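Student: First to last, the sequence lines map onto chains A and B. Sequential numbering of the first sequence, starting at -3, is according to my numbering. Sequential numbering of the second sequence, starting at 18, is according to my numbering. Beta carbons are placed, not taken as given, at the ideal position from N, Cα and C, and that holds for glycine. Fair warning: this is a prediction, and the values are worked out from it, not measured in the lab.
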Amino acid sequence: MNNKLKTLVKGIIDVSPLMIPVIPFGIIYGVIGMDLGIGPYMTLGLSIIIFGGASQIVLLQLFSGGASSLVILSSVGAVNARHVLYGAVLSEHLSTLKLSWKIILSYVMTDQAFAVSNNYFKKNNKDKNYHYHLLGSGFTCWSIWQISTILGIVLGSVVPEELGLSFTISLTFLALLISDFRKFKNIIIMLVSGIVATIGYNTIPFKAYIIVAALSALIVAVLLTLTDSKKR
Amino acid sequence: MYWSLIIYAGVITFVTRFSMIFLLKKDILNDRAKKILSFVPAAIFPAIIFPPIFLDSAGSLDLEGNPQILATIFAIIVGYFSKNIIATIFSGLISYWILIFLFNF
């Protein structure tokens, strides 16, 4: 197997366990789209054009609630604002790539693909074809999301709600943080983020609680690392 | 629903993903900025994790007899010692099923 293919396959393998909750989530999304009566083409169209699960569901909820386009688009932007931070983290590794690569990799960059490929980039900075890892992880997310959207459109709610598979969304993101559990600063930052998000969930407008929580936690990170450099 | 609304939403989403990858050049960030950015996963993922665990469907705090909290604690313990992503996810899911199906939480 050549090196590019090897790295691509590594990306697919690394992201695969994180796809467990994406399948029921995609099915739920497909069912919501059909229930709201926007039809199969627009339901799938949202998945292809936006390709961001949480923001698609927020868009549908707000649309069915009769919100204005301005509110809907602001909310989609707020829910997806975290990608700006992912982009800033990954830019260090992706900045030398061709524009076409940047466009393709941006389109498929999801939470899960970011998490596994960022780890790979940090550990394998000698691999010349490292960006194939993100291509593999990103297109795995993309394919699974489109297939599960179609399943939701065609089959309806095939996953029993009692199984609580929505809980696995929290569990996969938790699993992505296991290497941070041993670091005291990271634990503080995680708690700040989680607590701000929980309090802000109902109080912060435009579903912006994720980015507000993330920025609050990063401010705490700035403060915590400030004392770091003073000690040195 | 209009296709134009979907396309605008798609463009906004793409811009959030593309902007920094496009704008930031290599080595533009100093070590301190890189250090702060290394905390991005720890700063974002808990904001996705916490609300569905601690809030009920009505959006109010649900701390008593909440099987998701217990299952999450179990998953954290397994994750801490195993350092294994799959073990963490499945230990949480299986302990959750045990709590709701066997102990009727």
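#1: From the DSSP secondary-structure annotation, give me the bridge partner or partners of B/L72.
#2: At 4 residues or longer, and completely inside the region 83 to 156 of chain A: list those alpha helix (DSSP H) runs for me, N to C.
#3: Going straight from the alpha carbon of B/M18 to that of B/V28, what length do you get?
#4: Closest by CA to A/V154, which one among A/N(-2), A/G62, A/G26, A/D10?
#5: With A/S70 as the anchor, note down where its alpha helix (DSSP H) starts and where it stops.
#6: Closer than 8 angstroms is the cut-off here; do at least three beta carbon pairs connect the region 207 to 217 of chain A with the region 59 to 74 of chain B?
#7: Could you give the residue range of the alpha helix (DSSP H) that holds A/A171?
#8: Strictly below 7 angstroms CB to CB, what residues from chain A border B/I103?
#9: Counting only beta-carbon separations shorter than 8 angstroms, does A/D229 have a partner in chain B?
#10: Taking 8 angstroms as the threshold (beta carbon to beta carbon), is B/I61 in contact with chain A?
#11: Would you verify that the beta carbon of A/S86 is, or is not, closer than 8 angstroms to some beta carbon of chain B?
#12: Could you give the C-beta distance for A/S65 and B/L22, rounded to a whole number, given that I count them as a contact under 8 angstroms?
#13: Would you kindly report the start and end of the unbroken alpha helix (DSSP H) that includes A/D176?
#14: Are the C-beta of B/F67 and some C-beta of chain A separated by less than 8 angstroms?
#15: Given a limit of 8 angstroms on CB to CB distance, which residues of the region 106 to 120 of chain B reach chain A?
#16: When the cut-off is 8 angstroms and only beta carbons count, does B/L87 lie next to chain A?
#17: Considering only residues of the same chain and omitting the five flanking positions on each side of B/S112, which have a CB-CB separation below 8 angstroms?
Tutor: Looking at the atomic coordinates:
#1: To locate residue 72 of chain B, count along the second sequence from 1; it is residue 55. DSSP, once it has assigned bridges, lists B/L78 as partnering B/L72.
#2: The alpha helix (DSSP H) runs of length 4 or more contained entirely in the region 83 to 156 of chain A are, from start to end of the chain, 95 to 103, 107 to 119, 127 to 151.
#3: For this step, residue 18 of chain B is matched to residue 1 along the second sequence. For this step, residue 28 of chain B is matched to residue 11 along the second sequence. Distance between the alpha carbons of B/M18 and B/V28: 17 angstroms.
#4: Taking the first residue of the first sequence as position 1, residue 154 of chain A is located at position 158. Comparing Cα positions, the closest option is A/G26.
#5: Taking the first residue of the first sequence as position 1, residue 70 of chain A is located at position 74. In the DSSP assignment, A/S70 falls within the alpha helix (DSSP H) that extends over 65 to 76.
#6: Under the 8 angstroms Cβ criterion, the region 207 to 217 of chain A counts as touching the region 59 to 74 of chain B, having at least three qualifying pairs.
#7: Reading the first sequence from its first residue, position 175 is the one you call residue 171 of chain A. Run containing A/A171: 163 to 171, per the alpha helix (DSSP H) assignment.
#8: Residue 103 of chain B sits at position 86 when you count from the first residue of the second sequence. Within chain A, the residues near B/I103 are P13.
#9: There is no way to answer for residue 229 of chain A, as the model of chain A reaches only from -3 to 228.
#10: For the purposes of this step, residue 61 of chain B is taken as the residue at position 44 of the second sequence. True, the Cβ-Cβ gap to chain A drops below 8 angstroms.
#11: As a position in the first sequence, residue 86 of chain A is number 90, starting the count at 1. The identity of residue 86 of chain A in the sequence shown is Leu, whereas the question assumes Ser. By this cut-off, A/L86 is an interface position.
#12: By one-based count along the first sequence, residue 65 of chain A stands at place 69. By one-based count along the second sequence, residue 22 of chain B stands at place 5. About 6 angstroms; that satisfies the 8 angstroms criterion.
#13: Counting from 1 along the first sequence, the entry for residue 176 of chain A is found at position 180. First-last for A/D176: undefined, no H or E at that position.
#14: Taking the second sequence and counting its residues from 1, one reaches residue 67 of chain B at position 50. It does; some Cβ of chain A falls within 8 angstroms.
#15: I106, G109, L110, Y113, W114, I117
#16: Residue 87 of chain B sits at position 70 when you count from the first residue of the second sequence. No, because no Cβ of chain A sits closer than 8 angstroms to the Cβ of B/L87.
#17: Position 95 of the second sequence holds residue 112 of chain B. For B/S112, where only same-chain residues beyond five positions count, the Cβ hits under 8 angstroms are L87, A88, F91, A92.
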